[in-house]
Amino acid sequence: MSDIGTETKASEAKREGAFAKFLRETEVDTRLLGMLAALALIWIGFHYYGLFVNGFGAFLTPRNLWNLSVQTSSIGIMATGMVLVIITRHIDLSVGSMLGFIAIIMGTVQVNILPQYLGLGHPMIWIIAIFAGLLMGTLLGAFQGWMIAYGTIPAFIVTLGGLLVWRGAGFLVARGETISPVDATFKLLGGGPFGAIGNTGSWIVGILGCIAVLALIILGRRKRKTFGLPLRPVWAETFLAAIGAGAVIGTTLLMNAYPWPKGIIKKYAAAEGIEVPPEGIFISHGFAIPVLILIGVTIAMTILMTRTKFGRYVYAIGGNPEAAELAGINTRWMTVKIFALMGFLTGIASVVASARLGSATAALGTLDELYVIAAAVIGGTSLAGGVGTIYGAILGALVMQSLQTGMVLIGFDAAIQQVVVGSVLVIAVFLDILYRRNSK
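According to this note's numbering, the sequence shown is numbered sequentially starting from 126.
This is the structure in structure tokens:
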């Protein structure tokens, strides 16, 4: 029998294809590859559909991809928090309404309240407004978490109520009006030609990103040696480093390939006393500030979930809440903290969304809860709890926003867009069920 077992293993090793061996030695997540393949298919499909139907492809252009990165920012920021909520077997249906309400609070603070006391254009106005928004988001999230944890009300009911309450509260505070204009500095946080860091700043970010990729590979290898864990082959780590650094450099080149519009360049040149030559001036947008905020949130949340006790507790609660409580984890207090963090991240997303709009309206964030939940689920966060990654949620947000942007570019109306988004969410959950069933 032992000889038969040995022969079976040897035959299985021989049958292992080159791709399977590549996956095993590089330890690349197959779900990650699947999401990247789906994203590439969406991008190429929309681009060539426009090329064949309209005579030009508008999707794979620096302008559209730059705008796509900005549009993904607010959904991506909230999706990183939704990962924690879903991992612990809860749901938050209130994030879209909460985003609109927080935007109204920040708009009211910086337009209707602070100028009366500090004067119009005071440099502290936008800072105080952001602080008020983040504080409000944290308090609202903590309040909902308290009702779920200590009031033992299901998260679905609490946040469904929040979806209605916060939207209505926003209309009451604003009296149905749009609050504008927001502070000029605050508006920069929403992107645009002046809300980006330009060519030089983008290359600084790109170089730091490449250094970070190399550092992660080297430190990861050292940690494996320290704990006696199997090491990846040198070729595999070299390949991962090259792919990571290449992705960073490629993204930087793409962000710098999108120039300022000619009209804005003329205004800028006139204000600065610059003479514009006949061929024009090429000024790169570079990375938009909302994208940098998303990158910062992604890094912070990844560290929180993979390097801290808090992150281990989140996965433990999602894996088995009863066992986690018996192990001494205060699951109720953790629930309050998770929803407070979700509220805080919604506050950050509200800053980005309202700054990008240049005003505050209670309708801001409508249906965002659908996109945020879909982003987390498409990114591999299991509704059964215990499984999920931050980078997966960001890719999921990019997939969702790519679908929406692509459908707008090719002229699909809003009804079809909602059908597609809803269908994608159902398919993502179905694939998650199949994946978990096959991995047992």
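Built from N, CA and C at the ideal position, the CB exists for glycine as well.
Just so you know, these numbers come straight off a predicted model, no measurement behind them.
key: Alpha-carbon spacing of Gly331 relative to Ile374, whole angstroms   = Taking the straight line joining both Cα atoms gives about 6 Å.
query = Nearest-angstrom Cα distance between Trp291 and Ala448?
reply = Put simply, the backbone Cα of Trp291 is about 35 Å away from that of Ala448.
key: Proximity of Ala487 and Ala299 at Cβ, strictly below 9 Å   = Yes; because the gap between Cβ atoms is below 9 Å, this pair is in contact.
inquiry  = Within the continuous alpha helix (DSSP H) that includes Gly293, where are the two ends?
reply    = Segment Ala280 to Ala299, the alpha helix (DSSP H) holding Gly293.
key: Helix, strand or coil at Gly547 according to DSSP, with G and I counted as helix   = Three-state DSSP puts Gly547 in a helix.
query = Nearest to Leu313 by alpha carbon, out of Leu550, Ile336, Ile252 and Met223?
reply = Minimum Cα distance to Leu313 is reached at Ile252.
request  = Take the Cβ of Phe171 as the centre, count every other Cβ of all protein chains shown within 10 Å, and call the residue buried at 16 or more, exposed below.
outcome  = Classification for Phe171: buried.
ask   = Who pairs with Ile304 in a beta bridge, going by DSSP?
value = According to DSSP, which records beta bridges pairwise, Ile304 is partnered with Ala485.
task = Look at the alpha carbon of Leu224 and the alpha carbon of Val476, and state the distance between them as a whole number of angstroms.
result = Separation of Leu224 and Val476 (C-alpha to C-alpha, rounded to the nearest whole angstrom) is 9 Å.
key: Bridge partner(s) assigned by DSSP for Pro384   = Within the DSSP secondary-structure output, Pro384 pairs in a beta bridge with Ser409.
Cα-Cα separation, Val220 to Gly293 = The straight-line gap from Cα to Cα measures roughly 14 Å.
query = Are Ala474 and Ser199 closer than 9 Å when you measure CB to CB?
reply = The answer is yes: Cβ separation under 9 Å.
request  = Note down the Cα distance separating Val416 from Ile541, rounded to an integer number of angstroms.
outcome  = Their Cα atoms are separated by approximately 28 Å.
query = Using 8 Å as the threshold, is the region 185-195 in touch with the region 363-381, meaning 3 or more CB pairs across them?
reply = Using a Cβ-Cβ distance cut-off of 8 Å, the region 185-195 and the region 363-381 are in contact, since at least three pairs of beta carbons, one from each stretch, lie closer than that value.
ask   = Is Gly353 buried or exposed, if buried means 16 or more other CB atoms sit within 10 Å of its CB?
value = Burial check for Gly353: the Cβ neighbour count within 10 Å stays below 16, so the residue is exposed.
Those residues which DSSP pairs with Ala321 across a bridge = Its beta-bridge partners are Ala413.
key: Beta-carbon spacing of Ala396, Gly320 below 9 Å   = No, the pair does not count as a contact, with Cβ atoms beyond the cut-off.
inquiry  = My output table needs one value for Thr433: the three-state DSSP class, helix, strand or coil.
reply    = Three-state result, Thr433: coil.
message = Could you give the first and the last residue of the continuous alpha helix (DSSP H) run that contains Leu148?
response = Where Leu148 is concerned, the enclosing alpha helix (DSSP H) stretches over Ala143 to Thr151.
ask   = Just curious, the alpha helix (DSSP H) that Glu450 is in, first and last residue?
value = For Glu450, the enclosing alpha helix (DSSP H) covers residues Pro446 to Leu451.
request  = Go ahead and label Phe144 buried or exposed: buried means 16 or more other beta carbons lie within 10 angstroms of its beta carbon, across all protein chains shown.
outcome  = With fewer than 16 Cβ atoms within 10 Å of its Cβ, Phe144 is classed as exposed.
message = I'd like the list of long-range same chain contacts for Ser305, defined as Cβ closer than 6 Å, with 5 residues on each side in sequence excluded.
response = Answer for Ser305: Ser484, listed in chain order.
request  = Drop a sphere of 10 angstroms on the beta-carbon of Ile273, count the other beta-carbons inside from all chains shown, and report buried for 16 or more, exposed for fewer.
outcome  = Here Ile273 is buried, its C-beta having at least 16 other C-beta atoms within 10 Å.
query = Excluding five sequence neighbours on each side, which residues of the same chain lie with their C-beta closer than 6 Å to the C-beta of Glu362?
reply = Non-local beta-carbon contacts of Glu362 in its own chain, meaning distances under 6 Å to residues more than five positions away in sequence, involve Ile342 in chain order.
task = Look at the Cβ atom of Ile238, then the Cβ atom of Phe311, and state whether they are nearer than 9 Å.
result = 9 Å or more divides the Cβ of Ile238 from the Cβ of Phe311.
task = Answer yes if the region 507-520 comes into contact with the region 233-247, meaning at least three C-beta pairs across the two stretches below 8 Å, and no otherwise.
result = Contact fails: fewer than three Cβ-Cβ distances are below 8 Å.
query = In its own chain, which residues sit with a C-beta less than 7 Å from the C-beta of Tyr440, not counting the 5 before and 5 after it?
reply = So the list reads Ile212 and Gly511, once near-sequence residues are dropped.
task = Report all residues from its chain with a CB closer than 6 Å to the CB of Asp217; omit the five preceding and five following residues, and keep chain order.
result = Result list for Asp217: Val210, Thr284 and Met467, in chain order.
message = My parser needs the alpha helix (DSSP H) runs of 4 or more residues fully inside the region 176-247; what are they?
response = Within the region 176-247, the complete alpha helix (DSSP H) runs of at least 4 residues are 187-212, 220-233 and 239-243.
message = Quick test of your reading: Ser222 and Gly287, contact by CB under 8 Å. State the CB separation rounded to the nearest angstrom.
response = Approximately 7 Å separates the beta-carbon atoms of Ser222 and Gly287; this is inside 8 Å, confirming the contact.
message = So Val178 and Ile535 are supposed to be a Cβ contact under 8 Å. How far apart are they, rounded?
response = The C-beta separation of Val178 from Ile535 comes to about 7 Å, placing the pair in contact by the 8 Å criterion.
key: Contacts around Leu520, its chain only, beta-carbon distance under 6 Å, and the 5 residues preceding and following it disregarded   = Once the five neighbours on either side are set aside, the close Cβ partners of Leu520 are Met160 and Gly504.
ask   = In angstroms, rounded to a whole number, what distance separates the CA positions of Gly142 and Trp360?
value = If I take the Cα positions, the gap works out to 18 Å.
key: alpha helix (DSSP H) runs contained entirely in the region 327-385, provided each spans 4 or more residues   = Listed in chain order, they are 359-381.
Proximity winner among Met430, Val461 and Ala257, relative to Met231 (alpha-carbon distances) = For Met231, the nearest C-alpha among the options comes from Ala257.
request  = Report all residues from its chain with a CB closer than 6 Å to the CB of Val236; omit the five preceding and five following residues, and keep chain order.
outcome  = Cβ neighbours of Val236 beyond the five flanking positions: Ile304.
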